[in-house]
Amino acid sequence: MAYPFMSNKQSQQDPQKGNKSEQFSSAGFILAAIGSSVGLGNMWKFPYVTGQNGGGAFFLLFIACLLIVGLPVLLGELAVGRGGRGDAVSAFTTLSRKRGWGVLGFIAVLAAFLIMTYYSTIAGWTLHYAVESVSGILFQSGDYAEHFKLFTGGMMPIVWQIVVFALTGFIIARGISGGIEKFNKIVIPGLLIILLVMMVRTLSLDGAAEGISYFLKPDFSQLTFHSALMALGLAFFSLSLGMGAMLTYGAYVDKHQSLPLATVAVGAGDLIYALIAGLIIFPTIFTFGIEPDSGPGLVFVALPAAFASMPYGALFGGLFFLLLAIAAVTSCLALAEVPVAYIIRRYNLGRGKATFYVIAAMYIIGLPCTLAAGGVLEGATLGGRNFFQWIDFLTSNVMLPLGGLFVTLLVGYAWKQSGEETGLSPLWRSIWLFTMRIIAPVLIILIFLSSIGLV
Ligand code: TRP
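The numbering used here applies: residue 194 is where the sequence shown begins, and numbers increase by one.
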């Protein structure tokens, strides 16, 4: 078996014996996959996109997308990874036995690369907020919207983005089990505990009932075709699909790992974190009179107000933003690992060097992203979107659905043994294959066409 990140000599060894460090353990794999899926998507993006799309009905749509399209595609990606034993490009070519399919895999690598450029911006914001919360600076002004504006308009976001890149590069360079796995094992359970504590507090705020009803009570008149597109894009984003990330992680597990189990664990984990995030954010914004559709700054404006009103708020705030930052970093690890795995194999480079090149290239595009998110480039728009918004739109709403579509086509049509690789029972296997051949592609294509105005 050829692992993309090993030298030829190493790859002839039994991977179970000689290269334990380049394999996940079973629990480590599931936690790392949850770590990849749980991140800013759940706690930063999910609340504000839900807020912009009318609340409860959108949440239901999100769950439907998660179950009907997301989980089957997730299982497909994991199977492609383990069956193809490589990076996104090589797995697509190996399994389809056609070189042309590699191009589709490459689009996924590109998507991961591009997402990292703006994801690191927001991850940097959370680090800054963690520090300011502990030091108390955050709570001095009392006007959190203004504070957020001043911060994103200044120079600090650039510094923090560099910190995020450095941290990601450092851990990625250490490899799979020594770096990625260890980190996830600590962070993911820790984040859950903090979130639960916070939820107890936010559910006792004055605006809790109003917030919960906004978040969980569906009003279908708010839904449009556009929100369906957003829901699918968000489900894919939140599960880390369509960009070869789960595929790349799937290449680092052995045959004994149950992929359906991992799929259900990741789906449940992702949904639980999103649900808790909603139960924290919406009661808070209704209590403090913040507009639910106020966009990417929502979490950074709403939550400081909640912390300020809590006993030990500075401590909780610091812990929350720190854990959020770390959850973001666990996602950064998966994002960066996709191009790193590809570069290692394609150019036969060592892990350290490949990491360095990838991180450097990401930073070149990441810097203008940061400047467009509240900084000097914010007003520089083209077709109504600035650089940050373009990258977000192109990746979440165009490349991710397309990447997901390619996975469904690969496992549904081109790769004949996909069903066996999943380890599903015969009945589930036919349901899954039917979904991958017909239901998922049709839904993805419909929603995608509507987004570019053709349906
Ligand atoms: N799922 C991540 C989140 O919710 C974001 C993300 C999207 C991601 N695609 C990814 C993370 C690929 C890692 C790999 O925040």
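For every residue, glycine included, the Cβ atom is placed at its ideal position computed from N, Cα and C.
For R578, name the three-state secondary structure that DSSP assigns.
Three-state DSSP puts R578 in a strand.
What does the alpha-carbon distance come out to for the pair R578 and L564?
Cα-Cα distance, rounded: 14 Å.
Is A529 near I552, with beta carbons less than 8 Å apart?
When the beta-carbon positions are compared, A529 and I552 come within less than 8 Å of each other.
Mapping the DSSP letters down to three states, classify I557 as helix, strand or coil.
Reduced to three states, the DSSP call for I557 is helix.
Of the residues F586, V600, L517, L434, the one placed nearest A527, counting alpha carbons only:
Comparing Cα positions, the closest option is L434.
Do the stretch 388-398 and the stretch 462-475 make contact, defined as three or more Cβ pairs closer than 8 Å?
Result yes; three or more Cβ-Cβ pairs closer than 8 Å.
Look at G567 and T345 and say whether their C-beta atoms are less than 8 Å apart.
Yes. Within cutoff.
Quick check on V569: buried or exposed, where buried means 16 or more other Cβ atoms within 10 Å of its Cβ?
V569 is exposed by the Cβ-count criterion.
Could you check how far apart the C-beta atoms of L267 and I381 are, in whole angstroms? I think they sit under 8 Å.
Wrong, their Cβ atoms sit about 17 Å apart, outside the cutoff.
Nearer than 7 Å: is that true of the beta carbon of G317 relative to any heavy atom of the ligand TRP?
In this structure, G317 has its beta carbon at no less than 7 Å from each heavy atom of the ligand TRP.
Since I believe S313 is in contact with F358 (beta carbons under 8 Å), could you give me their beta-carbon distance rounded to a whole number of angstroms?
Taking C-beta atoms under 8 Å as the contact rule, F358 and S313 qualify, at a distance of about 6 Å.
Through-space distance from I379 to V446, alpha-carbon basis
Rounded to the nearest angstrom, the gap between the Cα atoms of V446 and I379 is 20 Å.
For S623, report the span of its alpha helix (DSSP H) as first-last.
Per DSSP, the unbroken alpha helix (DSSP H) holding S623 starts and ends at 619-627.
Under 8 Å between the Cβ atoms of S229 and A438?
Taking 8 Å as the Cβ cut-off, S229 and A438 qualify as a contacting pair.
Looking at F430 and the ligand TRP, is the gap between the Cβ and the nearest heavy atom below 7 Å?
Within the cutoff, so yes.
When we look at the beta-carbon of R275 and count the other beta-carbons within 10 Å, is it buried (16 or more) or exposed?
Result: buried.
Beta-carbon gap between V531 and V302 smaller than 8 Å
V531 places its beta carbon less than 8 Å from that of V302.
Within the same chain, show all residues whose beta-carbon is closer than 7 Å to that of P561, passing over the 5 residues directly before and after it, in chain order.
Only L570, F580 meet the Cβ criterion.
Say whether the stretch 277-288 touches the stretch 449-457, bearing in mind that this needs 3 or more beta-carbon pairs closer than 8 Å, one atom from each stretch.
Result no; under three Cβ-Cβ pairs closer than 8 Å.
Any heavy atom of the ligand TRP within a distance shorter than 7 Å of the CB on M503?
No heavy atom of the ligand TRP is found nearer than 7 Å to the CB of M503.
Does DSSP put E614 in a helix, in a strand, or in coil?
Helix at E614.
Exposed or buried, F430, counting other C-beta atoms within 10 Å across all chains shown (16 or more means buried)?
Under this definition F430 is a buried residue.
Spatial distance of L422 from L416 (CA atoms):
Computed Cα separation, rounded: 11 Å.
Measuring only the C-alpha atoms, how far is G244 from R539?
Each residue's Cα considered, the two are about 42 Å apart.
For a test of your reading of the model: does the CB of S433 fall under 7 Å from any non-hydrogen atom of the ligand TRP? Yes or no.
Within the cutoff, so yes.
Which one of G596, F251, W625 has the shortest CA to CA distance from F408?
In terms of CA proximity to F408, F251 leads the group G596, F251, W625.
Under 8 Å, do G277 and L432 count as touching if we go by C-beta distance?
The Cβ atoms of G277 and L432 lie no closer than 8 Å to each other.
Residues of its chain near K546, where Cβ-Cβ distance is below 7 Å and the 5 sequence neighbours each way are ignored
Here the set comprises nothing.
With DSSP run on the structure shown, which of helix, strand or coil describes A304?
Of the three classes helix, strand and coil, the one that applies to A304 here is helix, per DSSP.
Under the three-state DSSP convention, the category W237 falls into:
Looking at W237 - three-state DSSP - the assignment turns out to be helix.
Consider the C-beta atom of G232 and the heavy atoms of the ligand ZN; say whether any pair is separated by less than 7 Å.
As presented, the structure is devoid of the ligand ZN, carrying the ligand TRP as its sole ligands.
Beta-carbon spacing of A338, V492 below 8 Å:
No, they are not a contact pair.
If you follow the alpha helix (DSSP H) that I379 is in, where does it begin and where does it stop?
Unbroken alpha helix (DSSP H) run through I379: 375-395.
Are there 16 or more other CB atoms within 10 angstroms of the CB of F514, so buried, or fewer, so exposed?
With 16 or more other Cβ atoms from the protein chains shown falling within 10 Å of its own Cβ, F514 counts as buried.
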